[in-house]
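Okay, so here's the structure we're looking at.
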Amino acid sequence: MNLALQLFRTQNRFLSLMDPKSALNRATNLFFTPIRHDPKPWEEEAEAQGNRIRLKNGVSAIVWGQGPPILMMHGWEGRATQMAGFIEPLTTNGFQIIALDAPAHGRSQGQQSHPMRFVESLFLAQQTFGPFYAVVGHSMGGGCSLYSALEGLQVEKVISISGPANFQNLSKRFARFIGMSKSVVEKFVESVEETVGIPFEDIDLLSRGKELQQPTLLVHDSDDEEVPFSDAQNLIKVIPNGRFFATSGLGHRKIMRNSTVIDTVCNFIRNDNDDHLCKAT
């Protein structure tokens, strides 16, 4: 942990003890306000190959190729162009890719976001491009893709890469990570649930995973420091038609650029079969 982060956490710990209300406001604002990061050169090259469009409510998307549509959603503080590794192998196999910028991310409008904003964007894309052959999500986008499939997104296959299994636990991890006291963490979780507008139990993938009927692939790295590997290990046990591909040494972000991961996901989309995959038991 670097010195700046240590200092930031110490400040938050002190604030949460001396002024819990201000600490709660700080945590809530940080949680719902993503930082927009500039795309890397390889992302800009990928975007140049597609067509940038704007959907309703200020949601921006990029479209590549023609054929059965595949919907893609990045993670928190991510952007559509981070899905670039999937463009060539999927479009050359006759698929169309629609990659979204979630609200307050990339080129989409807005200053704040949360999981239900991601979900709303997925359903918004369905109005123009659905039904989908597959949906691929990374991190927050993975968890929201799974939830959207449970809530009626018209999609034949679901792929979650480094996705959370429980949004309540995700909220707790965030508040603890930034150094908030136990009492502020508890109030923060309540505040997040109120803002999202849906009880956490209704979006708990661990309890609802058994309802998922589509062929589903979970991909997760054992060295992920942002979303625990155990999330995928536990979630795959309850998904009826689920498969699990585990990696190591890639962490939370490099996994999206790994050729083996990309090949595994693309093979799953094409035919459900891959020697690397382990059936859920």
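The sequence shown begins at 1 in the UniProt record's numbering and counts up one residue at a time.
The beta-carbon is built from N, C-alpha and C at its ideal position, and this holds for glycine as well.
For arginine 243, the secondary structure class from DSSP, reduced to helix, strand or coil, is strand.
Here valine 265 is actually not in contact with proline 164; their C-beta atoms are around 18 Å apart, not less than 8 Å. If you look at tryptophan 76, you'll find it isn't in any beta strand (DSSP E); DSSP assigns it neither H nor E. DSSP lists Ile97 and Ala134 as the beta-bridge partner residues of isoleucine 70. Under DSSP, aspartate 221 takes part in a beta bridge, and its partners are Thr247. In the DSSP assignment, isoleucine 262 falls within the unbroken alpha helix (DSSP H) covering 259-271. Fully contained in the stretch 123-205 are the following beta strand (DSSP E) runs of length 3 or more, in chain order: 132-138 and 155-161. Here serine 121 carries a helix assignment [DSSP, helix/strand/coil]. Assignment of threonine 92 by DSSP, reduced to helix, strand and coil, places it in the coil class.
With 16 or more other CB atoms across the displayed protein chains lying within 10 angstroms of its CB, methionine 140 is buried.
Inter-segment contact for the stretch 179-190 and the stretch 103-114 is absent: fewer than three beta-carbon pairs are separated by less than 8 Å.
In the pairwise beta carbon analysis, the stretch 51-70 is classified as not touching the stretch 28-35: fewer than three pairs are separated by under 8 Å.
Aspartate 221 places its beta carbon 8 Å or farther from that of glycine 242. Counting the other CB atoms within 10 Å of its CB gives methionine 256 a total of 16 or more, which places it among the buried residues. Counting along the chain, serine 230 sits inside no beta strand (DSSP E); it lies in the alpha helix (DSSP H) bounded by residues 229-235. Approximately 7 Å separates the beta-carbon atoms of leucine 122 and serine 145; this is inside 8 Å, confirming the contact. Distances from the alpha-carbon of leucine 24 to those of Lys172, Ser60 and Glu156 put Lys172 closest. Using a Cβ-Cβ distance cut-off of 8 Å, the stretch 38-47 and the stretch 206-222 are not in contact, since fewer than three pairs of beta carbons, one from each stretch, lie closer than that value. Excluding five sequence positions before and after glycine 209, the CB atoms of its chain that fall closer than 6 Å to its own CB belong to Leu235, Val238 and Ile239, given in chain order. Here DSSP, grouped into helix, strand and coil, assigns asparagine 25 to helix.
Within its own chain, the residues whose Cβ lies closer than 7 Å to the Cβ of tryptophan 42, once the five positions on either side in sequence are excluded, are Ala84, listed in chain order.
Here leucine 7 is exposed, its C-beta having fewer than 16 other C-beta atoms within 10 Å.
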